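Here the structure is laid out as structure tokens; the discussion comes afterwards.
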Amino acid sequence: VKLKANAITTEAEIMEHCKKHLSSFKVPKKIIFVEALPKTPTGKILKRQMRESFKAVFR
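Mapped onto my numbering, the consecutive letters of the sequence shown carry residue numbers 24 to 82.
Right, dumping it as structure tokens:
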């Protein structure tokens, strides 16, 4: 999760929101806060690079 500037929240608050608004199988098991998402020069998110970066965290 990348928060907006000056935004404050916790993992528990996000999980509670997800549980209220999503089906149980769609609720994430783990939430990670990051400073920035890897992007291409055109602004698209580099999903492959994110998978490699977070592989150890989600295993």
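C-beta atoms are modelled at their ideal positions from N, C-alpha and C, and glycine is treated no differently.
No experiment lies behind these values; they were computed from the predicted model shown.
Below 8 Å on the Cβ atoms is my contact criterion, and I expect residue 55 with residue 38 to pass it. Report the Cβ-Cβ distance as a whole number of Å. Your numbering for residue 55 matches position 32 in the sequence shown. Your numbering for residue 38 matches position 15 in the sequence shown. Contact between residue 55 and residue 38 does not hold, since their C-beta atoms are separated by about 13 Å, which reaches or exceeds 8 Å.
Are the region 55-72 and the region 25-39 touching by the rule of at least three beta carbon pairs closer than 8 Å? Enough Cβ pairs lie closer than 8 Å, so yes.
In angstroms with no decimal places, state the Cα-to-Cα distance between residue 66 and residue 45. Walking along the sequence shown from the start, residue 66 turns up at place 43. Walking along the sequence shown from the start, residue 45 turns up at place 22. Between the alpha carbons of residue 66 and residue 45 lies a distance of about 28 Å.
Which of the three DSSP states, helix, strand or coil, is assigned to residue 68? Residue mapping note: residue 68 aligns to position 45 of the sequence shown, counting from 1. It is a strand residue.
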